[in-house]
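Numbering-wise, the sequence shown is residues 0 to 282 according to numbering that gives the first Met the number 0.
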Amino acid sequence: MKRSFTAAVLVAIVAALSPSLSAQWPLYPIPALPKGPDGKPNLTAPPPRTAEGKPDLSGIWMRSEETDGPNGPSAGRPPLALFGNAGAGFKEGLPFQPWAAELQKKRAADHGLDNPDALCFPQGPLQYHLDPQPREIVQLPDRILIIYESNYGLRTIYMDGRVLPPQGEPQPYWYGYSVGRWEGDTLVVESNNFRGALIGQPAEGWLDTRGSPYTDALRLTERFRRVNYGQLDIEFAVDDPKAYTRPFTVRVDQRIVADGSEMIEFVCHENQMFLKLTGRAPR
Numbered sequence: 000m001k002r003s004f005t006a007a008v009l010v011a012i013v014a015a016l017s018p019s020l021s022a023q024w025p026l027y028p029i030p031a032l033p034k035g036p037d038g039k040p041n042l043t044a045p046p047p048r049t050a051e052g053k054p055d056l057s058g059i060w061m062r063s064e065e066t067d068g069p070n071g072p073s074a075g076r077p078p079l080a081l082f083g084n085a086g087a088g089f090k091e092g093l094p095f096q097p098w099a100a101e102l103q104k105k106r107a108a109d110h111g112l113d114n115p116d117a118l119c120f121p122q123g124p125l126q127y128h129l130d131p132q133p134r135e136i137v138q139l140p141d142r143i144l145i146i147y148e149s150n151y152g153l154r155t156i157y158m159d160g161r162v163l164p165p166q167g168e169p170q171p172y173w174y175g176y177s178v179g180r181w182e183g184d185t186l187v188v189e190s191n192n193f194r195g196a197l198i199g200q201p202a203e204g205w206l207d208t209r210g211s212p213y214t215d216a217l218r219l220t221e222r223f224r225r226v227n228y229g230q231l232d233i234e235f236a237v238d239d240p241k242a243y244t245r246p247f248t249v250r251v252d253q254r255i256v257a258d259g260s261e262m263i264e265f266v267c268h269e270n271q272m273f274l275k276l277t278g279r280a281p282r
């Protein structure tokens, strides 16, 4: 079948197959939720802290719909990334290597039909930060878990003092191999050993839904800062010399889900119709 789907149709298909916050479990009040004199949640209150005195990042988080505005980000801050375009905040776009620019154009021309999200594969690390579905952070003494409602993903950040393994030593991970440490009140996470573009299938190595690629050479550094009770700021620094001519950094803004919503199961392969709807089902 000829691929005649437009990007709008693709988005509609993915949206139709995705649960939303309106379909969550029954609400359950959040313990110790700070409230103002009017009894409403005070999301600008100081962030909670662990017994060790570090900010507690635990909670269910949604991407913010805030933008940098017409004047761009504040001085010294990287631009906000978009789910559909990681480089939207750069006047000249992302600094692609020539082959990576061609691959991104091809993926976009195919209307994202090999996007890992649509094919029930784990998304790229920036896609997961920006996906419209929620994610839950569970902060433990020796590791931090990020549970993604989208495709039921699970990422582990080791906090036990280990260092990153050499590139290529462990098998490549969809989520990368991640280790974290605290610098003051900022959680710094370094990751490598990703499954990237050019290694296997077309669904690997997507930074955003327009198909900006990354490779197995990606060295990722994230800086998580809980600004207050309700806001999580993440700086996302990409160093991938195979795909980009220079490193670059973008920003993600997330907001706490404070109404007591819980995430629900997302079993992507259950009644998966995407391949059939795009004319690629096995015959």
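All C-beta atoms, glycine included, are put in the ideal place defined by N, C-alpha and C. Predicted model, so just to flag it, every value in this text is computed and none were measured.
Selection from the options that minimises the alpha carbon distance to residue i
{"i": "glycine 68", "options": "Gly58, Trp60, Leu79 and Gly75", "result": "Leu79"}
{"i": "valine 249", "options": "Leu129, Ile59, Trp98 and Gln122", "result": "Leu129"}
{"i": "asparagine 84", "options": "Val237, Leu125 and Ser260", "result": "Leu125"}
{"i": "tyrosine 127", "options": "Ile263, Val251, Pro54 and Gly52", "result": "Val251"}
{"i": "valine 178", "options": "Thr220, Thr66, Pro94 and Gly123", "result": "Thr220"}
{"i": "leucine 56", "options": "Asp184, Lys90 and His268", "result": "Asp184"}
{"i": "leucine 231", "options": "Ala216, Phe89, Ala31 and Ser63", "result": "Ser63"}
{"i": "phenylalanine 82", "options": "Ala31, Lys104, Trp205 and Pro140", "result": "Trp205"}
{"i": "proline 171", "options": "Arg218, Gln253, Gly210 and Asp37", "result": "Arg218"}
{"i": "glycine 92", "options": "Phe247, Gly167 and Gln138", "result": "Phe247"}
{"i": "aspartate 109", "options": "Gln96, Pro201 and Lys39", "result": "Pro201"}
{"i": "aspartate 141", "options": "Gln96, Tyr151, Ile156 and Pro131", "result": "Ile156"}
{"i": "proline 212", "options": "Asn150, Gly167, Val226 and Gly86", "result": "Gly86"}
{"i": "proline 94", "options": "Leu42, Ala74 and Asp239", "result": "Asp239"}
{"i": "arginine 254", "options": "Ala74, Lys104, Lys105 and Glu65", "result": "Glu65"}
{"i": "threonine 214", "options": "Pro133, Gln103, Arg48 and Asp37", "result": "Gln103"}
{"i": "arginine 106", "options": "Ser149, Thr208 and Glu264", "result": "Thr208"}
{"i": "glutamate 148", "options": "Ala236, Ile29, Asn70 and Glu261", "result": "Glu261"}
{"i": "cysteine 119", "options": "Tyr151, Val256 and Lys90", "result": "Tyr151"}
{"i": "isoleucine 198", "options": "Gln96, Gly160, Arg48 and Lys241", "result": "Lys241"}
{"i": "glutamate 234", "options": "Met158, Pro131 and Pro72", "result": "Pro72"}
{"i": "proline 97", "options": "Arg245, Glu264 and Ile263", "result": "Arg245"}
{"i": "valine 237", "options": "Asn191, Ala31, Val256 and Pro131", "result": "Asn191"}
Nearest-angstrom beta carbon gap, residue j and residue i [assumed within contact, 8 Å]
{"i": "isoleucine 143", "j": "leucine 153", "result": "Their Cβ separation, rounded to whole angstroms, is 12 Å, which puts isoleucine 143 and leucine 153 out of contact at 8 Å."}
{"i": "alanine 99", "j": "tyrosine 228", "result": "Wrong, their Cβ atoms sit about 39 Å apart, outside the cutoff."}
{"i": "glycine 195", "j": "glutamate 203", "result": "6 Å"}
{"i": "proline 33", "j": "alanine 44", "result": "4 Å"}
{"i": "glycine 210", "j": "glycine 88", "result": "Incorrect: roughly 18 Å between the Cβ atoms, too far for contact."}
{"i": "valine 187", "j": "arginine 222", "result": "6 Å"}
{"i": "isoleucine 59", "j": "proline 133", "result": "5 Å"}
Simplified DSSP assignment, three categories, for residue i
{"i": "proline 245", "result": "Note that residue 245 is arginine in the sequence shown here, rather than proline. Coil."}
{"i": "asparagine 192", "result": "coil"}
{"i": "tyrosine 127", "result": "helix"}
{"i": "cysteine 267", "result": "coil"}
{"i": "alanine 99", "result": "helix"}
{"i": "asparagine 70", "result": "coil"}
{"i": "serine 177", "result": "strand"}
{"i": "lysine 34", "result": "strand"}
{"i": "arginine 161", "result": "coil"}
{"i": "arginine 134", "result": "strand"}
{"i": "asparagine 150", "result": "helix"}
{"i": "alanine 107", "result": "helix"}
{"i": "glutamate 182", "result": "strand"}
{"i": "tyrosine 27", "result": "coil"}
Nonlocal neighbours in the same chain, by C-beta distance under 8 Å from residue i, ignoring five residues either side
{"i": "arginine 76", "result": "Arg250"}
{"i": "alanine 216", "result": "Gln166, Gly195, Asp239, Pro240, Lys241 and Ala242"}
Residue environment, residue i, which counts as buried when at least 16 other CB atoms sit within 10 Å
{"i": "valine 162", "result": "exposed"}
{"i": "leucine 26", "result": "exposed"}
{"i": "tryptophan 24", "result": "exposed"}
{"i": "proline 46", "result": "buried"}
{"i": "glycine 175", "result": "buried"}
{"i": "asparagine 114", "result": "buried"}
{"i": "glycine 38", "result": "exposed"}
{"i": "glycine 167", "result": "exposed"}
{"i": "glutamate 101", "result": "exposed"}
{"i": "valine 266", "result": "exposed"}
{"i": "asparagine 70", "result": "exposed"}
Same chain, Cβ closer than 6 Å to residue i, neighbours up to 5 away in sequence not counted
{"i": "tryptophan 173", "result": "Pro121 and Arg194"}
{"i": "tryptophan 181", "result": "Lys53"}
{"i": "glycine 123", "result": "Trp205 and Leu206"}
{"i": "glycine 35", "result": "Asn41"}
7 Å Cβ shell around residue i - same chain, five flanking residues per side excluded
{"i": "aspartate 258", "result": "Leu26"}
{"i": "isoleucine 136", "result": "Leu56, Ser57, Gly58, Trp60, Ile143 and Ile145"}
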